[in-house]
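Under my numbering, the letters of the sequence shown match residues 569 to 645, in that order.
Backbone N, C-alpha and C define an ideal beta-carbon position, used for all residues, glycine too.
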Amino acid sequence: MKDLIKAIDGLPKIVRFLGTLIWGILTNIYRLCRSIAKQDVLGVVLAIILLLCGGFFILWIIDLVCILLDKPIWWID
């Protein structure tokens, strides 16, 4: 999981932005991997609920703004 997190963090800003813009689930999978790597049960449960219920669209705009401002993806951990 940590390798996947480093790989996504290492992507150029434009690739992360386009990946989030076109395929919004990308950042939610990133959140899930971060929570699994930190063994955060609440984060894992919330990320799975967001994936199953389509709630990742709620955080989609926040993710795009965070990527444009070179901020880390917003999550509870």
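Item	Value
Taking Cβ to Cβ, would you say Gly611 is nearer than 8 Å to Asp577?	no
So for Ile641, helix, strand or coil by DSSP?	coil
How would you label Ile590, buried or exposed, when you count the other beta carbons within 10 angstroms and need 16 or more for buried?	exposed
With distances taken from CA atoms, which of Ile641, Leu620, Ile635 and Trp642 is nearest Phe585?	Ile635
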